[in-house]
Amino acid sequence: MDLAGLSVVHVKRSQSGVGHHEPETPGNDAQYETFARSNHGISDEQDLVTTVFSYIDELDGDVLVGYNGIDFNMDFLAKRCAHFDLAPSPPALQTSGQHINLFTDRKAACGAGEK
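Residue numbers (my numbering): 1 to 115.
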């Protein structure tokens with residue numbers, strides 16, 4: 001998977017947040033923003049999810065990359081949104097199909113014995 005020349009947005013649990021790096025810069029150079037109710041003036045869970053989705057859109061990346069982000073992170077957030085009075089729209093990168101799930105490649109490699 002070649003991400004050269006793309007602006008990449010990361011959703012990374014190990015960094016507890018959302019990261020971004022510009023084209024032609026290594027992923028290790030990504031700057032991560034963490035989101036919690038205790039920062040960003042966030043008042044409740046709905047506000048937290050809305051703030052994260054808005055932040056991802058504001059980064060205006062070309063792709064959204066995550067490790068099991070499609071089947072876990074975004075699915076979990078969609079289920080939480082079902083409980084909100086006014087659910088936020090998912091990030092444009094999620095709905096445009098520009099979400100790369102690294103876990104899919106890992107599962108395929110493990111299944112093929114290519115760990």
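We put the CB at the ideal spot given by N, CA and C, even for glycine.
query, result
"Quick one, which of H99, C110, E24 has its alpha-carbon nearest F72's?", "H99"
"Check whether the Cβ atoms of G61 and V8 sit closer than 7 Å, and answer yes or no.", "yes"
"If we cut at 7 Å on Cβ distances, does D29 have a partner in chain C?", "In the structure shown, chain C does not exist; there is a single protein chain."
"Going by the CB atoms, is the gap between D57 and P91 shorter than 7 Å?", "yes"
"Pick from F84, Q46, N68: whose alpha carbon is nearest that of A36?", "Q46"
"Can you give the Cα-Cα distance for A82 and L6, rounded to whole angstroms?", "32 Å"
"Leaving out five residues on either side along the sequence, give the residues of the same chain with a beta carbon under 7 Å from the beta carbon of G69.", "V11, H99, N101"
"N101 bridges to which residues according to DSSP?", "G66"
"With distances taken Cα to Cα, identify the nearest neighbour of G97 among M74, A109, L86, T25.", "M74"
"Check this for me: beta carbons of G27 and H21, under 7 Å apart or not?", "yes"
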